[in-house]
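All the letters of the sequence shown, read from the start, carry residue numbers 1 to 173 under UniProt numbering.
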Amino acid sequence: MATSGQAIDLRSLRAADEGEIVAANRANRAYHAPFVTPCTDAEGFAQWLGVVSQDTNETMIARTPDGAIVGVFNLSQIAHGNFCSAYLGYHGYAETARRGLMTRALRQTVRYAFDTLGLHRIEANIQPDNARSIALVARGGFRKEGYSPRYLKIGGEWRDHERWAITVEDLAR
């Protein structure tokens, strides 16, 4: 069983991850609801993989050393040049929750975005009622920047979101 003292393995999503990710998402429907609805079948995985495999995305799976899935992190709309920014989306799993593993995985994802991808800023948009997600980004050093009414359509409804962000300078503090 994973503990909070263990390292996190962060690697790119692959097509071969389909079975395990789909099974984990199915088993965690109640844990994810109503904030995120990750793919729960082969067709949904194929569609998702098609989107996250584009050049402007980087999707990673976080695992414990014993192979348990901690979470999935997606940096999307990656832009370089004067913007050097991306949006961050993620979801975790109940089986590895409450051990500090998502916090560690988030910090590794942020480090990867800044150090490897050369980004300057990462923004996460979170529904105001998603206390777990807000607590995660706050632990990860993100700051609340604003509020966006009817920002994103989830489950067929336009939902408000809080805007949280971190810059490379925030890590130096």
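Idealized CB from N, CA, C, for every residue including glycine.
Shortest alpha-carbon distance to residue i belongs to which of the options?
| i | options | result |
| --- | --- | --- |
| R132 | P34, V22, R26, A113 | P34 |
| I166 | E20, R139, C39, I21 | R139 |
| T116 | D66, G19, I78 | I78 |
| G67 | Y87, E20, R159 | E20 |
Which residues in the same chain have their Cβ closer than 7 angstroms to the Cβ of residue i, if we skip the five residues on either side of it in sequence?
| i | result |
| --- | --- |
| A24 | I69, Y93 |
| F142 | A124, W164, A165, I166 |
| D17 | I61 |
Under a three-way DSSP split, which group does residue i fall into?
| i | result |
| --- | --- |
| S53 | coil |
| Y87 | strand |
| L119 | coil |
Around the Cβ of residue i, are there at least 16 other Cβ atoms within 10 angstroms (buried) or fewer (exposed)?
| i | result |
| --- | --- |
| Y147 | exposed |
| P74 | Pro is not the amino acid found at residue 74; the sequence shown has Asn there. Buried, because 16 or more other Cβ atoms sit within 10 Å of the Cβ of N74. |
| V36 | buried |
| G89 | buried |
| L136 | buried |
Please return the same chain residues whose Cβ sits closer than 8 angstroms to the Cβ of residue i, not counting the five positions on each side in sequence.
| i | result |
| --- | --- |
| I8 | A62, R63, T64, V70, L101, R104, A105, Q108 |
| H84 | Looking at the sequence shown, residue 84 is not His but Cys. G118, L119, H120, R121, listed in sequence order. |
Who are residue i's beta bridge partners in DSSP?
| i | result |
| --- | --- |
| D9 | R63 |
| H124 | Before going on, a small fix: residue 124 reads as Ala here, not His. Looking at the DSSP assignment, A124 forms a beta bridge with W164. |
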